[in-house]
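Structure first, then comments.
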Amino acid sequence: MLLKRLVLGILTLVAISLLITLGVEALSGDVCTAMMGQMASAAKVAACHSQLNLNLPMHERYLTWLWNFMQGDLGNALTNHRSIASLIGNRIGNTFFLAGLAALVAVPLALTLGVIAALYRNSFFDRAISIVTLSGISVPDFFIAYILMAIFAVWLGVLPAISNLDQSMDLWDRIYISALPVLTLTVAVSAHMMRMTRAAIVSLLASPYIEMAKLKGIRPSRIIIKHALPNALSPIIQVVMLNLAWLVVGVVIVEVVFVYPGLGALMIDAVFLRDMPVVQATAMVFASVYVILNLLADILSMLSNPRLRHRN
Amino acid sequence: MSQKLLEVSDLLIEADIDGVWKPIVNSLSMTLERGEIIGLIGESGAGKSTFGLTALGYTKPGCRIVSGSIKLDGVDLTQMKEPQLREIRGDRVTYVAQSAAASFNPAHTLFEQFAESAVQHGKMTMAEARERSVELFRQLELPDPELIGERYPHQVSGGQLQRAMTAMALGCDPDIIVFDEPTTALDVTTQIEVLGAIREAVKARNVAAIYITHDLAVVAQMADRIMVLRYGDLIEEGDARSMLTNPQHEYTRRLLNVRALRETRKGHDEDNVQLSIENITASYAGPKKNVLEDINVNIVKGKTVAVVGESGSGKSTLARVITGLLPPSHGKIIFNGTELNPALSMRSKKDLQSIQMIYQIADIAMNPRHKIKKIIGRPLQFYLGLTGKQKDERVLELLRLIEIPEEFAERYPGQLSGGEKQRICIARALAAEPELIICDEVTSALDQLVAKGILDLLLNLQKELGVSYLFITHDLATVKSIADEIVVMYQGKVVEQGSKVDILTPPHAPYTELLLSSVPEMDPDWLTNLVGKRKRGESPTSESITT
Chain D
32 MLLKRLVLGI LTLVAISLLI TLGVEALSGD VCTAMMGQMA SAAKVAACHS
82 QLNLNLPMHE RYLTWLWNFM QGDLGNALTN HRSIASLIGN RIGNTFFLAG
132 LAALVAVPLA LTLGVIAALY RNSFFDRAIS IVTLSGISVP DFFIAYILMA
182 IFAVWLGVLP AISNLDQSMD LWDRIYISAL PVLTLTVAVS AHMMRMTRAA
232 IVSLLASPYI EMAKLKGIRP SRIIIKHALP NALSPIIQVV MLNLAWLVVG
282 VVIVEVVFVY PGLGALMIDA VFLRDMPVVQ ATAMVFASVY VILNLLADIL
332 SMLSNPRLRH RN
Chain S
42 MSQKLLEVSD LLIEADIDGV WKPIVNSLSM TLERGEIIGL IGESGAGKST
92 FGLTALGYTK PGCRIVSGSI KLDGVDLTQM KEPQLREIRG DRVTYVAQSA
142 AASFNPAHTL FEQFAESAVQ HGKMTMAEAR ERSVELFRQL ELPDPELIGE
192 RYPHQVSGGQ LQRAMTAMAL GCDPDIIVFD EPTTALDVTT QIEVLGAIRE
242 AVKARNVAAI YITHDLAVVA QMADRIMVLR YGDLIEEGDA RSMLTNPQHE
292 YTRRLLNVRA LRETRKGHDE DNVQLSIENI TASYAGPKKN VLEDINVNIV
342 KGKTVAVVGE SGSGKSTLAR VITGLLPPSH GKIIFNGTEL NPALSMRSKK
392 DLQSIQMIYQ IADIAMNPRH KIKKIIGRPL QFYLGLTGKQ KDERVLELLR
442 LIEIPEEFAE RYPGQLSGGE KQRICIARAL AAEPELIICD EVTSALDQLV
492 AKGILDLLLN LQKELGVSYL FITHDLATVK SIADEIVVMY QGKVVEQGSK
542 VDILTPPHAP YTELLLSSVP EMDPDWLTNL VGKRKRGESP TSESITT
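Respectively, the protein sequence lines represent chains D and S.
Numbered according to my numbering, the first sequence terminates at residue 343, and the numbering increases by one at each position without gaps.
Numbered according to my numbering, the second sequence terminates at residue 588, and the numbering increases by one at each position without gaps.
Laid out in structure tokens, this is it:
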């Protein structure tokens, strides 16, 4: 079964690469007109095209790219001719650092809040966290970013508004400078995870084994954590993984807002310049993250079920 | 000392039914001495579980104690706060639930759950709990008492789980155990073994018990004293033996008479075979062994064939094969002289119409968002092409036939009681004007008196309309009252088949003997005698059958 998922995952990647090609192709202009501007002469543009092999039909370019990609060759950027592998290599660590940091804050926070909300369900506290977290996802994340920036950078002046991370910084500086983007991402992803944790636990509270635990004189907190949570893990894992995937992809906009030197910013620049190989490569990174995290979610869900873990 | 162990007085409990608080336990009182077993008996809605659970100071969500007191050794549980009650629950008063399969947490091993009460109450260390679990698992005759605790609930059988739950309830040496229908979900042959083990363990430790059940014969084996409840009221209370021999109240008498045997009908043409199952062998997908092996059954027109067996005997699979849901790997089904196509999708509309099915759980066999008239009207339209006024009239006719008021046509299934829902399912099957109806455990989810009504109805309909029934059941009492022919199945094979009289008169095949001897009888000494007989090897046991 796992093998089937893996094959499906790879097919998904191929399908996405095709969609990305079609998408970028559909945009007006190409890398030559983008670099030289509207006023460039037709001859110059044509020379540029033939130099970059852009005069070949689309499917040929796509298949060449796919062939090279499968051999691990990402090619060079069309604009500055630098190796895409090294371009991405510099940025990918930054993006994963940001997403990882956000996950490290958001996942435990959301799960804890979810458990507490389930424990004190329908109380004032429960409603309060629901309202706060739900407002968080009802607002677009760039807007959250600007609000947080206004509060913490402009008004209170405690956190930097621009997260221009560079290689020379030590860990604490990196964390400090990434604080606002991390906070933005946390607000954006916590609500789903918290609501799902709460819902998954509450849906189990009417089960006979929960009543049994009550009649064994077990404390409510222990009932939730020891008896309900392990059986609620599967849906929680699914939604956590989905949100982690969203984190890595969702950073695109947040990176732009905070001028954070990550993969998302690179992708946006590449789209503006119609630099197809770079767009394609970054898209593949994001898509792989999705595929891998979903695969991981399936594996973990399976492991969380004792019926599947301990077969007779 | 005159103080009773448990003294419940004038307890009034209300439940929130659609926003209105209605009494479900009406000023009931009960006393319990140390070591005494009291049986609470009644049908669903009698309030017996609600009343029994108050010994733990617990009411189900949506219920509240309005007045009265529950004194455990003189201390009133109704005056206690939750943390104090938690100290009593699982320690001094424990609980054994109806379905152990659902009441054990699937995520933890049996031992983890066994140890939880004792360790959380500070009664034992983990090591002590382990020793204790082995001792109790052994007493309850669980296999491998040293190792079975490491298993997860899904890895042991239903009967074993129920014993493990009883062991868990005994773990802290409680004063009282509340047994809430602990054997209802089990097969008859398993039920006997669990009943025997529970009684031994409870008597040996001099624990008091409240035994809740709907089955008078079961309670007769367990209880010293019986309270008969109905709609939250006490109908009758008394010593178990004298109540069984001399019931005072009409309702108790009716409960006692549910099992009365009906006469065998004669006079049908024995050669008029309607459905003939020939050499059927079937299995489910995957490299598993056959679920059915070489089954041969004939159903004579207008008669009832009862297929009886425990869970896993293949009796429901047989129904799936006949209906075409599971094409057999070998053999054929002949209906009115012509062979039926093995697959459902290949059968003609006429074939589909002739064989109808009624299911065990009426709730999930009906679309909750359709009105009754639509549920019954659908086959009228599909098979008979009735529409408009004709259809509506036929629906009302069918409702009269199943003794349901006509105005129910406008209701939804959710507004009906369990027995009424099953009647609607019967009407839906009849609407197609079938020749054969397959009844799959149609009464096992119903109370005994309601079930009796359904069986009576089915028999009357047969007399009137001449339909044949294939009656699938695990309940021998049902078989005795409805069958003309009996087919006994065990592990996918037919063990014995023949007319009801032949099967029910000795000598029996060993498995039939086991099944028949396992049906509880009203005699309070029945269990003791049977366990004795089985130990001496005079009566077959599950082990002697399988080996």
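The C-beta atom is built at its ideal place from N, Cα and C for all residues, glycine as well.
| Check | Outcome |
| --- | --- |
| Just how far apart, CA to CA, sit D:LYS257 and S:CYS213? | 20 Å |
| Classify S:LEU568 as buried or exposed, calling it buried when 16 or more other Cβ atoms lie within 10 Å of its own Cβ. | buried |
| Taking just the CA atoms, how far does S:LEU236 sit from S:PRO561? | 10 Å |
| Determine, using beta carbons only, whether D:SER138 and D:MET224 come nearer to each other than 8 Å. | The amino acid at residue 138 of chain D is misidentified as Ser; the sequence shows Val. Yes. Within cutoff. |
| Can you give the Cα-Cα distance for D:SER161 and S:THR364, rounded to whole angstroms? | 50 Å |
| For D:TYR291 and D:LEU275, I'd like the C-alpha separation in whole angstroms. | 19 Å |
| Which residue's Cα is closest to the Cα of D:LEU150: D:GLN198, D:ASP329, D:ILE232? | D:ILE232 |
| For my contact list, D:GLY167 and D:VAL218 are in at a C-beta cut-off of 8 Å; report their separation, rounded to the angstrom. | 4 Å |
| What are the partner residues of S:HIS515, as DSSP defines its beta bridges? | Answer by DSSP bridge pairing: none, since S:HIS515 is not bridged. |
| Using a Cβ-Cβ cutoff of less than 7 Å, which residues in the same chain neighbour S:LEU257 once the five nearest sequence positions on both sides are dropped? | ILE82, LEU296, LEU297, MET563 |
| Measuring only the C-alpha atoms, how far is D:GLU286 from D:LEU294? | 8 Å |
| Can you tell me where the alpha helix (DSSP H) with D:ALA276 in it begins and where it stops? | 260-288 |
| Rounded to a whole number of angstroms, what is the C-alpha to C-alpha distance between S:GLU434 and S:ALA450? | 11 Å |
| Would you check if the distance between the CB atom of S:ILE374 and the CB atom of S:LEU381 is smaller than 8 Å? | yes |
| Please list, in chain order, the chain D residues whose beta carbon lies closer than 7 Å to that of S:PHE145. | TYR240 |
| Shorter than 8 Å from the beta carbon of S:ALA384 to some beta carbon of chain D? | no |
| Give the single residue among S:GLN201, S:THR207, S:ARG441 whose Cα lies nearest to the Cα of S:LEU227. | S:GLN201 |
| Grab me the residues of D:ASP172's own chain with a C-beta within less than 7 Å of its C-beta, minus the 5 sequence neighbours each way, in chain order. | THR215, ALA219, GLY281, ILE284, VAL285 |
| Could you tell me whether any Cβ in chain D is nearer than 8 Å to the Cβ of S:TYR136? | yes |
| Within the continuous alpha helix (DSSP H) that includes S:THR230, where are the two ends? | 229-245 |
| With burial defined as no fewer than 16 other Cβ atoms inside 10 Å of the residue's Cβ, what is the status of S:TYR325: buried or exposed? | exposed |
| Spell out the partners DSSP gives S:MET398 in its beta bridges. | S:ILE479 |
| Do we get a CB-CB distance below 8 Å when we pair S:GLY60 with the residues of chain D? | no |
| Does any residue of chain D bring its CB to less than 8 Å from the CB of S:HIS371? | no |
| Return helix, strand or coil for D:ASN125, following the three-state DSSP convention. | helix |
| In chain D, which residues lie less than 8 Å from S:ASP132 when you measure between Cβ atoms? | GLY248 |
| Could you tell me which of S:GLY80, S:ALA486, S:LEU487, S:GLU48 sits nearest to S:ALA261, measuring between CA atoms? | S:GLY80 |
| Between the C-alpha atoms of S:GLN401 and S:ALA250, what's the straight-line distance to the nearest angstrom? | 32 Å |
| Determine the DSSP secondary structure at D:THR164, reduced to helix, strand or coil. | helix |
| If I'm right that D:LEU165 touches D:ALA222 with Cβ under 8 Å, what's the distance once you round it to whole angstroms? | 6 Å |
| Run through the DSSP bridge pairs and tell me what D:LEU58 is partnered with. | DSSP lists no partner for D:LEU58. |
| Report the residue from S:ILE445, S:LEU97, S:GLY459 whose alpha carbon sits nearest the alpha carbon of S:ASP117. | S:LEU97 |
| Using a Cβ-Cβ cutoff of less than 7 Å, which residues in the same chain neighbour D:ASP61 once the five nearest sequence positions on both sides are dropped? | LEU85, ARG305 |
| On the criterion of 16 or more Cβ atoms from any shown chain inside 10 Å, does S:GLU222 qualify as buried, or is it exposed? | buried |
| Considering only the beta carbon of each residue, do S:ILE445 and S:GLU461 sit closer than 8 Å? | yes |
| Per DSSP, which one or two residues make a beta bridge with S:GLY539? | S:ILE527 |
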